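Number of protein chains: 2
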Amino acid sequence: MSQLKVRVVSRSTLKRLPLYLHLLESLADQGLQNVSCTQIAEKFDFDPTQVRKDLEATGEVGTARIGFRTVSLIVKIKEFLGWNNAHDAFLVGAGNMGKALLGYKDFDRYGLNIVAAFDKDTRKVGSRIFNREVLPLVKLPNLAKRMHINIGIVTVPAEYAQEVVDLMVVAGIKAIWNFAPAPLKIPEGVILENARLTQSLAVLTNNLTKVLGDDGKDLEKN
Amino acid sequence: MSQLKVRVVSRSTLKRLPLYLHLLESLADQGLQNVSCTQIAEKFDFDPTQVRKDLEATGEVGTARIGFRTVSLIVKIKEFLGWNNAHDAFLVGAGNMGKALLGYKDFDRYGLNIVAAFDKDTRKVGSRIFNREVLPLVKLPNLAKRMHINIGIVTVPAEYAQEVVDLMVVAGIKAIWNFAPAPLKIPEGVILENARLTQSLAVLTNNLTKVLGDDGKDLEKN
Numbered sequence: 001m002s003q004l005k006v007r008v009v010s011r012s013t014l015k016r017l018p019l020y021l022h023l024l025e026s027l028a029d030q031g032l033q034n035v036s037c038t039q040i041a042e043k044f045d046f047d048p049t050q051v052r053k054d055l056e057a058t059g060e061v062g063t064a065r066i067g068f069r070t071v072s073l074i075v076k077i078k079e080f081l082g083w084n085n086a087h088d089a090f091l092v093g094a095g096n097m098g099k100a101l102l103g104y105k106d107f108d109r110y111g112l113n114i115v116a117a118f119d120k121d122t123r124k125v126g127s128r129i130f131n132r133e134v135l136p137l138v139k140l141p142n143l144a145k146r147m148h149i150n151i152g153i154v155t156v157p158a159e160y161a162q163e164v165v166d167l168m169v170v171a172g173i174k175a176i177w178n179f180a181p182a183p184l185k186i187p188e189g190v191i192l193e194n195a196r197l198t199q200s201l202a203v204l205t206n207n208l209t210k211v212l213g214d215d216g217k218d219l220e221k222n
Numbered sequence: 001m002s003q004l005k006v007r008v009v010s011r012s013t014l015k016r017l018p019l020y021l022h023l024l025e026s027l028a029d030q031g032l033q034n035v036s037c038t039q040i041a042e043k044f045d046f047d048p049t050q051v052r053k054d055l056e057a058t059g060e061v062g063t064a065r066i067g068f069r070t071v072s073l074i075v076k077i078k079e080f081l082g083w084n085n086a087h088d089a090f091l092v093g094a095g096n097m098g099k100a101l102l103g104y105k106d107f108d109r110y111g112l113n114i115v116a117a118f119d120k121d122t123r124k125v126g127s128r129i130f131n132r133e134v135l136p137l138v139k140l141p142n143l144a145k146r147m148h149i150n151i152g153i154v155t156v157p158a159e160y161a162q163e164v165v166d167l168m169v170v171a172g173i174k175a176i177w178n179f180a181p182a183p184l185k186i187p188e189g190v191i192l193e194n195a196r197l198t199q200s201l202a203v204l205t206n207n208l209t210k211v212l213g214d215d216g217k218d219l220e221k222n
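Top line first, the protein sequences correspond to chains L and V. 1 is the number of the first residue of the first sequence in our numbering; add one for each residue after it. 1 is the number of the first residue of the second sequence in our numbering; add one for each residue after it.
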């Protein structure tokens, strides 16, 4: 593990790295051995200097005029994002969003392995969703400790989110990926990342309202 | 429509407003008639001055010592976010993420009404998902124009995202909510909002790697 040095980078860099990774994987599939910052920058309309800085944060070093070795850069980005090792995760809330995440095949490429789902609704308990059994929520703490689960995914309605998170924290879960549109309190040392779906929707519809407001077309429709 | 004045605010303000809205709705359900910036700020660990600035962006004005009228503030935030009118949307990509969004009941509270789903996979076409028929992708342009659809939701794999977006743009769709982890190019005047699920996951797993890297526990497991 000594070669794994995780540098601290900005959240914006972290959010651009997966974009580069997807692109690089498709370039590698096409047989491209080397890739330059300029090539990557063009695809995203980013500044090449920005791309270089982002990529160098992973520890990979490019060569003048040749650029980066595609495959090697893919490995470095994955290591950097923590996507080279699979992290086992528990998901709580077997509703529609929970089902979608359980069925999302690409997560294994991102080092996320959802090993079990939990729900407190007894009608859901015992059913199977994409090959994972839905377990009763009360079983989470013991199982999480026994299986050394580090990631908890919250896909319950907003009003239940805090109690689920509290349970996860007690169970020793260190990182929480929250899909509920609720303010959550977590103790220091626990990582909380909000998927922010409704916030993303808010940006979209607010912008759309501004555009439509100008000609008023859609507003009159309703 | 003349009373609808949309001010330009920062993306961060836009992303906090849905959080306030969820809180206010639950406070209104509990019968709370007035609410102060301080009360809201405490729930989220935000700065009260920030909360006041965010809320005033919606055009609602509070009263000294009393605060805001809860119900009236809810209405103003919804108007501001464009969630007071339902926007009809088309979704393309009837895979797991598409199904999850089709089944997500809360969208109608956020002014989003997914009226139809499309897929180019002929095995999916004709099936029904949460009461919407899956239509062949080729039908999208005509239907979008005829029904004056403004929002397109993209839940196809990354490699098909650009062609779907191009089709939506031709069809007159003005705002695109993208769930595919792909760089997308859109013409000026069209709104693109990325849901950024994998980017959110990247922040989570990178932070977790940093935490775990210190004691190395989980890294050795794999």
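For glycine and all other residues, C-beta sits at the position ideal for the given N, C-alpha and C. Quantities reported herein were computed from a predicted structural model and do not represent experimental measurements.
Closest Cα partner of residue i within the set the options
i      : options                           : result
R109/V : S10/V, A202/V, H22/V and K210/V   : H22/V
T198/V : D45/L, F107/L and L208/L          : F107/L
D119/L : K53/L, F90/L, R16/L and Q33/L     : F90/L
T13/L  : G152/L, E56/L and L32/L           : E56/L
L212/L : N207/V, G172/V and T209/V         : G172/V
S10/L  : L81/L, R132/L, E133/L and L73/L   : L81/L
H148/L : V61/L, V169/L and Q162/L          : V169/L
K174/L : E159/L, Y160/L, E193/L and L32/L  : E193/L
L201/V : Q162/L, I153/L, A161/L and Y160/L : I153/L
E188/L : A182/L, D166/L and L204/L         : D166/L
T155/L : A100/L, V61/L and N84/L           : A100/L
R65/L  : D45/L, N34/L, V164/L and T49/L    : N34/L
K139/L : E159/L, V164/L and T49/L          : V164/L
L73/V  : V92/V, I191/V, T49/V and A28/V    : A28/V
E60/L  : T205/L, K78/L and D45/L           : K78/L
E25/V  : P136/L, S26/L and A182/L          : A182/L
L208/V : I191/L, Q30/L and V203/L          : I191/L
Cβ neighbours of residue i in the same chain (closer than 7 Å, five flanking residues each side left out)
i      : result
V51/V  : C37, I40 and A41
G103/V : F130
P157/V : A180
K210/L : none
W83/V  : Y110 and G111
Beta strand (DSSP E) segment containing residue i, residue limits
i      : result
N206/L : Here N206/L belongs to no beta strand (DSSP E); instead the alpha helix (DSSP H) covers L197 to D215.
A89/V  : H87 to V92
N178/L : A175 to N178
Check: residue i C-beta below 7 Å from any heavy atom of the ligand COA
i      : result
V156/V : Ligands are entirely absent from the displayed structure, and the ligand COA is therefore not among its contents.
Boundaries (first-last residue) of the alpha helix (DSSP H) holding residue i
i      : result
H148/V : Looking at the DSSP string, H148/V is not in any alpha helix (DSSP H), and its letter there is neither H nor E.
V115/V : That residue, V115/V, is in no alpha helix (DSSP H); its beta strand (DSSP E) goes L112 to D119.
N131/L : Unbroken run through N131/L: none, as it is neither H nor E.
G98/V  : N96 to L102
Which of helix, strand or coil DSSP assigns to residue i
i      : result
N34/V  : strand
P136/V : strand
F107/V : helix
R11/V  : helix
F68/V  : strand
R16/L  : helix
T122/L : coil
E60/L  : coil
L184/L : coil
N84/V  : coil
V170/V : helix
V190/V : coil
V165/L : helix
V154/L : strand
F46/V  : coil
Cut-off 8 Å between Cβ atoms - residues of its own chain near residue i, not counting five sequence neighbours on either side
i      : result
D47/V  : A41
K145/L : A171 and G172
I151/V : H87, D88, A89, F90, L112, I173, K174, A175, I176 and W177
Same chain, Cβ closer than 6 Å to residue i, neighbours up to 5 away in sequence not counted
i      : result
A86/L  : G111 and N113
R16/V  : D54
D88/L  : N113, V115 and I149
V134/L : A94, A117, D119, K124, V125 and S127
G62/V  : F68
Margin query: I'd like to know if the segment 61-80 of chain V and the segment 113-128 of chain V are in contact, where contact means that at least 3 CB-CB pairs between them fall below 8 Å.
Written below: By the Cβ rule, the segment 61-80 of chain V does not count as touching the segment 113-128 of chain V, because fewer than three pairs are nearer than 8 Å.
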